[in-house]
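**Student:** One structure, pasted below without further comment.
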Amino acid sequence: MAAMIRALIVDGQSNHDWARTTAGIQRALAGLFDIEVATVTEPAMFTADFSPYQVVVSNYLGPDWPAATITGLENYVRQGGGYVVVHAGGSSFPNRPSYNQMVGLAWRDANHGYRVTLDADGNIVRTPPGVGPGAGHGPCFSFPINHHAPQHPILRGLPAIWLHAKDELWHGLRGPAEELTILASAFSPRTGAREPMMWTVGFGRGRVFVTVLGHVWPGGETTAVDCVGFRATLARGCQWAATGAVTLPVPRNFPTEGEISIGEAQER
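The following block contains the structure:
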């Protein structure tokens, strides 16, 4: 049996339902990950030693941490640690250039960095600051996810197109967008463009994986985090961020191009 991967989930602040989102993340990572949770109740006082963990998963959207804590996180990743962002978990620290570089793109206004979309051939299109929309979304709905890097360890063996369960489809994300590999996109009916849904960033010796899927609103559905496609790509992204490789099998009930799949991943 493979050794358990030590993971730290950071939560405690968000306009989303962070508690149920964390529960969804824990379900996705069950079996391969030894998970601890740091619930940040007083952001201005938050301290953490990230070094014992192979990957840190952010489900945190809130006020800035002390400079020493966020610097410690950035240094942890630069030195080879893994960092994973779920949905709004990467959109804190908007005025910290090094953090924006680490996550590549985030929920920011139109003047806050480059917008990235993909053309019909899957090529990256960069729109300069101040041109076009900033971050936004329409009503939740079920939409297809298109993969653009099928040989990347996170995506290898997965269907090229699969139908995601009801979720927010974010558009207009902004940031430095450096050392960015777009893994997956979805077509936004609001912008008429292919918007990034999952990507990786190289940051020093570390590996960063971002998924903007996984919206859980207070009192709302958990369908987005119960989707087998979300769970599988998150678990594979966390394993890759932690180790640089993916050994997790493709679930037998992974969604298809025409059918969503909700619940526990089933082994083949």
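Just so you know, we're using the working numbering here: the sequence shown kicks off at 9 and counts up by one. All C-beta atoms, glycine included, are put in the ideal place defined by N, C-alpha and C.
Quick one, are the C-beta atoms of Leu242 and Ile43 less than 8 Å apart?
**Tutor:** Cβ atoms of Leu242 and Ile43: not closer than 8 Å.
**Student:** Give every residue of the same chain whose Cβ lies closer than 6 Å to the Cβ of Thr255, excluding the five residues on either side of it in the sequence, and list them in chain order.
**Tutor:** Once the five neighbours on either side are set aside, Thr255 has no close Cβ partner at all.
**Student:** Please classify Pro257 as buried or exposed, where buried requires at least 16 neighbouring CB atoms within 10 angstroms.
**Tutor:** Exposed, by the Cβ-count rule.
**Student:** On the DSSP bridge assignment, give the partners of Phe195 in chain order.
**Tutor:** Phe195 pairs with Arg202.
**Student:** Would you mind reading off the limits of the beta strand (DSSP E) that contains Ser100?
**Tutor:** Careful: Ser100 lies outside any beta strand (DSSP E) and carries neither H nor E.
**Student:** Pro102 and Arg116 look like a contact to me (Cβ under 8 Å); what is the Cβ gap, rounded to whole Å?
**Tutor:** Going by Cβ atoms, the distance from Pro102 to Arg116 rounds to 6 Å, so yes, they are a contact pair.
**Student:** With DSSP collapsed to three states, give me the class of Asp25.
**Tutor:** It is coil, neither helix nor strand.
**Student:** Spatial neighbours of Asp57 within its chain, please: CB distance less than 8 Å, with the 5 preceding and 5 following residues excluded, ordered by chain position.
**Tutor:** Hits under 8 Å: Gly80.
**Student:** Let me know if Gly214 comes out buried or exposed under the rule of 16 or more other beta-carbons within 10 Å of its beta-carbon.
**Tutor:** Classification of Gly214: buried, given that the 10 Å Cβ count is 16 or more.
**Student:** Among the candidates Ala36, Val139 and Thr189, whose CA atom is the shortest distance from the CA of Gly180?
**Tutor:** Comparing Cα-Cα distances from Gly180 to each of Ala36, Val139 and Thr189, the minimum goes to Val139.
**Student:** What did DSSP end up calling Phe238 once you bin it into helix, strand or coil?
**Tutor:** Note: Phe238 maps to helix in three-state DSSP.
**Student:** Label Val224 either buried or exposed according to how many other C-beta atoms from any shown protein chain fall within 10 Å of its C-beta, with 16 as the threshold for buried.
**Tutor:** It counts as buried.
**Student:** What are the boundary residues of the alpha helix (DSSP H) that Leu256 is part of?
**Tutor:** Looking at the DSSP string, Leu256 is not in any alpha helix (DSSP H), and its letter there is neither H nor E.
**Student:** Write down every uninterrupted run of the alpha helix (DSSP H) in the region 80 to 141 whose length is 4 residues or greater and which is fully enclosed by it, in chain order.
**Tutor:** Within the region 80 to 141, the complete alpha helix (DSSP H) runs of at least 4 residues are 105 to 111.
**Student:** Measuring straight from C-alpha to C-alpha, what distance separates Ile153 and Val220?
**Tutor:** Rounded to the nearest angstrom, the two C-alpha atoms are 12 Å apart.
**Student:** By alpha-carbon positions, which one of Thr199, Gly144, Ala240 and Trp207 ends up nearest to Gly112?
**Tutor:** Ranking the options by Cα distance to Gly112, first place goes to Trp207.
**Student:** Are at least three pairs of beta-carbons, each pair with one atom in the region 35 to 52 and one in the region 10 to 19, less than 8 Å apart?
**Tutor:** Result yes; three or more Cβ-Cβ pairs closer than 8 Å.
**Student:** Out of Gln21, Leu163, Ala194 and Pro184, point me to the one whose CA is closest to Phe149's CA.
**Tutor:** When only C-alpha atoms are compared, the closest one is Ala194.
**Student:** With Asp175 as the anchor, note down where its beta strand (DSSP E) starts and where it stops.
**Tutor:** Start and end: Ile169 to Asp175.
**Student:** If distances are taken between C-alpha atoms only, which option among Gly252, Gly200 and Phe151 comes closest to Ile268?
**Tutor:** When only C-alpha atoms are compared, the closest one is Phe151.
**Student:** Going by C-alpha distance, which of Val216, Phe238 and Glu275 is nearest Thr251?
**Tutor:** It is Val216.
**Student:** For Glu265, which residues from the same chain have a beta carbon less than 8 Å from its beta carbon, with the 5 sequence-adjacent residues on both sides left out?
**Tutor:** Only Pro152, Pro167, Ile169, Trp170 and Leu171 meet the Cβ criterion.
**Student:** Just verifying my parser: in three-state terms, what is the DSSP assignment at Ala249?
**Tutor:** Here Ala249 sits in helix by DSSP.
**Student:** Hey, would you say Ile270 sits closer than 8 Å to Cys235, going by beta carbons?
**Tutor:** It is a contact, given that the beta carbons lie within the stated cut-off.
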